[in-house]
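Down below is the structure, laid out as structure tokens.
Number of protein chains: 2
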Amino acid sequence: MRTVVWRSLSQSQQESILERPAIADGANITAAVSSVIEQVRQGGDSAVLALTEKFDRVRPDSIRVSSDEIDAASGRLSAKMKQALEQAYANISTFHKAQKPQPLKVETQPGVVCEQVTRPINKVGLYIPGGSAPLPSTVLMLGVPAQIAGCRKVVLCSPPPIADEILYVAKLCKIDEVYNIGGGQAVAAMAYGTESVAKVDKIFGPGNAYVTEAKRQVSNDFRGAAIDMPAGPSEVLVIADDSADPEFIAADLLSQAEHGPDSQVVLVTPSAVLADQVTEAVRNQLKDLSRAEIAEKALGSSLVIIADSLTQCVSISNYYGPEHLIVQTKNPRELLSLLDNAGSIFLGDWSPESVGDYASGTNHVLPTYGYTKTHSSLGLADFSKRMTVQELSKQGLELLAPTVVTMAEAEGLDAHKRAVTIRVEKLMQEQK
Amino acid sequence: MRTVVWRSLSQSQQESILERPAIADGANITAAVSSVIEQVRQGGDSAVLALTEKFDRVRPDSIRVSSDEIDAASGRLSAKMKQALEQAYANISTFHKAQKPQPLKVETQPGVVCEQVTRPINKVGLYIPGGSAPLPSTVLMLGVPAQIAGCRKVVLCSPPPIADEILYVAKLCKIDEVYNIGGGQAVAAMAYGTESVAKVDKIFGPGNAYVTEAKRQVSNDFRGAAIDMPAGPSEVLVIADDSADPEFIAADLLSQAEHGPDSQVVLVTPSAVLADQVTEAVRNQLKDLSRAEIAEKALGSSLVIIADSLTQCVSISNYYGPEHLIVQTKNPRELLSLLDNAGSIFLGDWSPESVGDYASGTNHVLPTYGYTKTHSSLGLADFSKRMTVQELSKQGLELLAPTVVTMAEAEGLDAHKRAVTIRVEKLMQEQK
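Line by line, the protein sequences are chains R and G. The numbering of the first sequence is UniProt numbering, which starts it at 1 and goes up by one. The numbering of the second sequence is UniProt numbering, which starts it at 1 and goes up by one.
What follows is the structure, given as structure tokens:
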């Protein structure tokens, strides 16, 4: 971990030190992914199976996971595991249910009623990455809001073999269409449909560079599918003062660093003493991690910034816009109203990032790579869409007519004007 | 207008008849736009001025419109025009203020408090097209929510010369940075910044194919800017039964058709008699429109569908997913809960689309081209972002710890687990 004193840097040094690393080489991935998408669009299920054999080195008996197989997963899991998943499910459900929008109806002027109504997105696809360890938590983060929003069809794709934990959570979330498909081929199958896989309207979920690129490509095609948000490497920024426990902070920094070698890890503190203590604690705690090698790589590009004050720490954080923001200061809540550009914020000594990753109730699908400046933490809103409604009474239209007519004239749109005047004339006839 | 009986079509005919026309030739536009973006990134203001001279055939004295010029616009407008714009401003403000989210705070389990907080997007850019007529209504639709959301910097670009109506609305919305820039060069200037134009986080607003492509390109670059939504030709679908006035419907269809030759216009009705009456009325009303030629082109690809029932009309509309949906039936509100996939809905005989285009209070920036299935009508939410917060008490963490530890073990993430156990161990020591 590299330690810098903020004040000693020029503005351009400050900006460059917080710049995200460019995401590696696009051209090869772009071409490989468009080929995969084209193969799936042309060949459907048989292309999906061939690609699965090529990339995942397995040929599943069937693309779809049967409901018997989903049911069987439960029997193989420990009671402790099921209880943990159910507790997480309950908390995430509680927080996402609270996000249900209130109906909105306003009379903007007499006789002019405007409303906002919400509808679930009909068909959604959830992508759950495979790899060395299963990610049942991601199924919760996507499956729970889809269920609460009321999406009519929820499809889940994950590279085979799919872990029991994932199947168990799918069942908790009442997802009955689970497919043995990973990578770009899963994204293509959900975006365009195959004989087995239903075409969906929107695709959610994290993945490697190929999955990310496939999501980008299908979202640029209006016949494809919308996507949740742009992706990037995971990040944490910790703001701490000398009231914080350096061992806690070290554990938090490492729990980000172990995600992957490209994880971004930043500590910002007004205390040079704490900075040293944390660096020391990180070194010690690193030793006995099973993923120490990964974490060490991530730490190579990580940063400890010594600032002048907590206020400056907040400015630095707002400028960087971290995915995860942990605040371990004496009065963390005092800073909340000043904090901006973060995906999820963890207040105080007893709120490590891993509680939000799994089970506090908040969503762990968050904007990263600076997208916190414009994008939201994933929530119920992402599984729904807002439509507006207006209903005018006769009197409402009469009263609003002069405004609409004047503006339509200014914009040179005759027919817009006439849609109003033709009605007003009829009203005047009625009133005679 | 082509009339078809829905029942007489095969399913594939039904699907193909409602298919949107492909948006013309991308390759040339893509290359031209990336060259414009590159020129602006390299050359800044001087490139912007050169491109403006090339495309808009004017060289403004200054890129920025001075506050004196903005003030002067007011003096040149009629009292009637100002009153209309102020009335529209008031209604749009009322409806968008009502969209302010309630603070959300939930204790998901004892000692685990989760919150959702909202922050404005800091810097937004509004693009207002030029062309034959000024579009002050679009300034209202973008400027009002930006103002209510509390965006700290609002930049407006429009091709010179900028109409007085646009400058007047900019002043109403307290937009003080107005620039004489149009087309792809405006999008590039706002996405990347120049000496004069501040870089923004998100760009809003409609435009021609070049503006649309520029928005797409900058939104695909993480150093660029986010955008409001994908664009496409404007559309209206009218559901009507034989209680409707054919002259009203004809006026509504024409007010969509006059937007542009690629406008999509659809009437769906269970009444063959009404279908004929509307077709006749459209023919008659078309004659004396100043934009008759444009409307006639749009009508060439427009459609009258005779359905079996109102229920089937609703299904057809939901399948098509129109930008604007007008319902002129005996009991329009009865249908509302069945309606899905629309941008904005106009209920009843006295709610023509043009009231929503200008002044009812709803936003006229709407998803089109089928994007209603996944995207929302523009609203306050698009000028803000949601962050989540969690704060656990000591007891909250102790209670949640087993769940987090079990899940971290399942996912093979040691450091995630330790961020919890290291805290729980400290708590146990404290309690000794």
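C-beta: ideal position from N, C-alpha, C; glycine also. These numbers were taken from a predicted model, which means no experiment stands behind them.
1. What is the DSSP secondary structure of Gln99(R), counted as helix, strand or coil?
2. In chain order, what residues of the segment 114 to 139 of chain R put their CB closer than 7 Å to some CB of chain G?
3. Would you please verify whether the beta carbon of Glu213(R) is less than 8 Å from any beta carbon of chain G?
4. Decide if Asp357(G) is buried, meaning its Cβ has at least 16 other Cβ atoms within 10 Å, or exposed.
5. Which of the three DSSP states, helix, strand or coil, is assigned to His416(R)?
6. Mind checking whether the beta-carbon of Leu253(G) lies closer than 7 Å to any heavy atom of the ligand NAP?
7. What are the start and end residues of the alpha helix (DSSP H) that includes Ser376(G)?
8. Counting contacts by CB-CB distance shorter than 8 Å, is Trp6(R) in contact with chain G?
9. For the segment 289 to 305 of chain G against the segment 328 to 337 of chain G, do three or more pairs of beta-carbon atoms, one drawn from each stretch, fall closer than 8 Å, so that the two count as touching?
10. Can a CB atom of chain G be found closer than 8 Å to the CB of Leu336(R)?
11. Using Cβ-Cβ distances below 9 Å, what residues of the segment 46 to 58 of chain G are close to chain R?
12. What distance in whole Å lies between the Cβ atoms of Leu140(R) and Val365(R), which are believed to be in contact at a cut-off of 8 Å?
13. Kindly indicate which residue of Ser234(G), Gln256(G), Ile306(G) and Arg291(G) has the alpha-carbon position closest to the one of residue 450(G).
14. DSSP on Phe383(G), reduced to helix/strand/coil?
15. Could you tell me if Val278(R) is buried or exposed, where buried requires 16 or more neighbouring beta carbons within 10 angstroms of its beta carbon?
16. Determine the burial state of Val58(R): buried for a count of at least 16 other Cβ atoms within 10 Å of its Cβ, exposed for fewer.
17. So what's Thr212(R) in DSSP terms, helix, strand or just coil?
18. How about Ala189(R) and Val40(R): do their beta carbons lie closer than 8 Å?
19. Ala146(R) by DSSP, collapsed to three states: which one?
20. Mapping DSSP to helix, strand and coil, what is residue 445(G)?
21. For the segment 381 to 394 of chain G and the segment 112 to 130 of chain R, state whether three or more C-beta atom pairs, one from each stretch, are separated by less than 8 Å.
22. To the nearest angstrom, how far is it from the Cα of Pro120(R) to the Cα of Phe222(R)?
23. With DSSP as the reference, label Arg59(R) as helix, strand or coil.
24. Run down chain R in chain order and give the residues with a C-beta less than 8 Å from the C-beta of Arg386(G).
25. At which residues does the alpha helix (DSSP H) containing Cys313(G) begin and terminate?
26. 8 Å is my cut-off, CB to CB: does Arg291(G) come that close to chain R?
27. Pairs of beta-carbons, one from the segment 318 to 329 of chain R and one from the segment 71 to 80 of chain G, closer than 8 Å: are there three or more?
28. I think Gln217(R) touches Val33(R), with their Cβ atoms under 8 Å apart; what is that distance to the nearest whole Å?
29. Taking Ser337(G) as the reference, give the member of Leu380(R), Phe55(R), Val117(R) and Lys153(R) with the closest Cα.
30. If you check the beta carbons only, do Ser66(R) and His416(G) fall under 8 Å apart?
31. Using a threshold of 8 Å, state whether the C-beta atoms of Arg418(R) and Leu397(R) are closer than that.
32. Mind checking the segment 187 to 207 of chain R against chain G and listing, in chain order, the residues whose C-beta falls within less than 9 Å of any C-beta there?
33. Following the continuous alpha helix (DSSP H) through residue 476(G), name the residue where it begins and the one where it ends.
34. Please go through the segment 331 to 375 of chain R and give each complete beta strand (DSSP E) segment of 3 or more residues, from N-terminal end onward.
35. When you check each C-beta in the segment 262 to 285 of chain R against every C-beta of chain G, which residues fall closer than 8 Å?
36. According to the Cβ coordinates, are Glu195(R) and Ala133(G) closer than 8 Å?
According to the data block:
1. coil
2. Cys114, Gln116, Arg119, Ile121, Asn122, Ser132, Ala133, Pro134, Leu135, Pro136 and Ser137
3. no
4. buried
5. helix
6. This structure does not include the ligand NAP; it has no bound ligands of any sort.
7. From DSSP, Ser376(G) is part of no alpha helix (DSSP H); its letter is neither H nor E.
8. no
9. no
10. yes
11. none
12. Contact doesn't hold; Cβ gap of about 10 Å is too wide.
13. Residue 450(G) lies beyond the residue range present for chain G, which begins at 1 and ends at 432; the question has no answer from this structure.
14. helix
15. buried
16. exposed
17. helix
18. yes
19. helix
20. Any property of residue 445(G) remains undetermined from this structure, which presents chain G solely from 1 to 432.
21. no
22. 19 Å
23. coil
24. Ser376, Ser377, Gly379 and Ala381
25. Leu310 to Tyr320
26. yes
27. no
28. 6 Å
29. Val117(R)
30. no
31. no
32. Asp201 and Lys202
33. Only positions 1 to 432 of chain G appear in the structure, and residue 476(G) is not among them; the question remains open.
34. 344 to 347
35. Gln285
36. no
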